[in-house]
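Chemist: Each number in the numbering used here corresponds to the 1-based position in the sequence shown with 21 added.
Virtual Cβ for every residue (Gly too), placed ideally from N, Cα, C.
Just dropping this structure here.
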Amino acid sequence: MSSVLISGGAGFLGSHLSDLLLAEGHDVLCADNCVTGRMQNIAHLDGNAKFSFLNQDVSKPFSVDRSLDYVLHMASPASPPDFKRIPFETMTAGSYGTHNMLAIAHEKSARFFLSSTSEIYGDPPPEHHPQVESYSGNVNVLGTRSVYDEAKRYAETVTMTYQREYQLETRIVRIFNTYGPRMRPDDGRVVTNFVCQALRDEPITLHGDGSQTRSFCFVSDLVDGIYRLIKSDEPLPVNIGNPGEFTMRELAEMILKITGSSSEIITIPQPFADDPRQRKPDITKARNVLGWEPTIDLETGLTKTIEYIRGEIGA
Ligand code: UDP
Numbered sequence: 022m023s024s025v026l027i028s029g030g031a032g033f034l035g036s037h038l039s040d041l042l043l044a045e046g047h048d049v050l051c052a053d054n055c056v057t058g059r060m061q062n063i064a065h066l067d068g069n070a071k072f073s074f075l076n077q078d079v080s081k082p083f084s085v086d087r088s089l090d091y092v093l094h095m096a097s098p099a100s101p102p103d104f105k106r107i108p109f110e111t112m113t114a115g116s117y118g119t120h121n122m123l124a125i126a127h128e129k130s131a132r133f134f135l136s137s138t139s140e141i142y143g144d145p146p147p148e149h150h151p152q153v154e155s156y157s158g159n160v161n162v163l164g165t166r167s168v169y170d171e172a173k174r175y176a177e178t179v180t181m182t183y184q185r186e187y188q189l190e191t192r193i194v195r196i197f198n199t200y201g202p203r204m205r206p207d208d209g210r211v212v213t214n215f216v217c218q219a220l221r222d223e224p225i226t227l228h229g230d231g232s233q234t235r236s237f238c239f240v241s242d243l244v245d246g247i248y249r250l251i252k253s254d255e256p257l258p259v260n261i262g263n264p265g266e267f268t269m270r271e272l273a274e275m276i277l278k279i280t281g282s283s284s285e286i287i288t289i290p291q292p293f294a295d296d297p298r299q300r301k302p303d304i305t306k307a308r309n310v311l312g313w314e315p316t317i318d319l320e321t322g323l324t325k326t327i328e329y330i331r332g333e334i335g336a
């Protein structure tokens, strides 16, 4: 049993991770300012004596009046439309936010965990497909996505520097596309967009020709991998994601099939510069080091996600 500070604990991933931590017997202090998180994601924890909430922008320095064993930095906007809508919040969550959370971990002699991303690989060329942790990435520093990509790259750098300079225990996960209940229906990402469109019988908006690929991991698999990594001895970044790779057109077709929607699929120009053409994790390291691999296939995970979004939007 231990004491955990988690930033972004009211977010999609952070709230699921908080649930897992509580189920494993930990005390959880959640710091969030709900820029993209939502109090409804943690409403079920009201009255749980092991859970507390701190309304805090973690990109501003703050202190915590309790001993801590783990400091987990999960707070960040994570959808491309949000990178355009709130670029400064996105940059500061990854940069100042990481500094502030590291400073707390250092002060408390706690283990630090960074939620990083496959976006640090940018738009990988075919010879770096699937993406291995040793690939150093292809990010356009001047593009609108780079507010996220470069902040997360910097976050990894500052985390490794604390590890080297202060011998701080640190863990870094690189999260690939993840989906599931508690995503904001209006977050603008592909799964939520397509599901909302299908449930409302509106056109499904494929960006470009829809041949770009992503690999989607269901949230319960993801938090299981994260929890194993936090407890492991691995000091270097580990990819966590589902290697099943789908084109966006295949994703649209699967969502149409599951929902039984009469929506048509339309193509519109790609609104986001530097959109990665293909993305798929190499999870050899997670398999070997963590004994982890995903268990939920896309159709099963989408069915659960669709039920959640149906409830949210009343369709
Ligand atoms: N996409 C799409 N239609 C939409 C939303 C997204 O075709 O309504 C595409 C998007 O251009 C990208 C892929 O789906 O190629 C995944 O986008 P998402 O925003 O979910 O996340 P990303 O993996 O790009 O961070």
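Which of the three DSSP states is assigned to isoleucine 317 in this structure?
Modeler: DSSP places isoleucine 317 in coil when its eight states are reduced to three.
Chemist: Between which residues of its own chain and lysine 306 is the CB-CB distance below 7 Å, once the five residues before and five after are set aside?
Modeler: Result list for lysine 306: Glu154, Val259, Asn260, in chain order.
Chemist: Taking 6 Å as the line, does the beta carbon of histidine 15 fall inside it for any heavy atom of the ligand UDP?
Modeler: The structure shown has nothing for residue 15, since the chain only spans 22 to 336.
Chemist: Can you tell me whether DSSP reads proline 108 as helix, strand or coil?
Modeler: In this structure, proline 108 counts as helix in the three-state DSSP scheme.
Chemist: Do leucine 34 and methionine 122 have their beta-carbon atoms positioned less than 7 Å apart in this structure?
Modeler: No, the Cβ-Cβ distance between methionine 122 and leucine 34 is not below 7 Å.
Chemist: Is it the case that the CB of glutamine 184 approaches a heavy atom of the ligand UDP more closely than 6 Å?
Modeler: It does not: the Cβ of glutamine 184 is nowhere closer than 6 Å to a heavy atom of the ligand UDP.
Chemist: Kindly indicate which residue of Thr119, Asn54, Asn76, Ile125 has the alpha-carbon position closest to the one of lysine 173.
Modeler: Closest by alpha carbon: Thr119.
Chemist: How about valine 211: is its Cβ closer than 6 Å to a heavy atom in the ligand UDP?
Modeler: Yes, the ligand UDP has a heavy atom inside 6 Å of this Cβ.
Chemist: Can you find at least 3 beta carbon pairs, one from the segment 232 to 251 and one from the segment 195 to 204, that sit closer than 8 Å?
Modeler: Flag = yes, the segment 232 to 251 and the segment 195 to 204 touch.
Chemist: Go to alanine 219, then tell me how far its alpha helix (DSSP H) extends in each direction, as first and last residue.
Modeler: Taken as a continuous stretch (DSSP letters only), the alpha helix (DSSP H) holding alanine 219 covers 211 to 220.
Chemist: Taking 7 Å as the cut-off, decide whether the C-beta atoms of isoleucine 327 and valine 212 are in contact.
Modeler: Contact flag unset, no.
Chemist: Between which two residues does the beta strand (DSSP E) harbouring glutamate 266 extend?
Modeler: Residues 266 to 268.
Chemist: If distances are taken between C-alpha atoms only, which option among Asp207, Gly262, Thr316, Ala219 comes closest to alanine 336?
Modeler: Nearest of Asp207, Gly262, Thr316, Ala219 to alanine 336, Cα basis: Ala219.
Chemist: Looking only at its chain, what residues have a beta carbon closer than 6 Å to the beta carbon of tyrosine 329, apart from the 5 residues adjacent to it on each side?
Modeler: Around tyrosine 329: Pro202.
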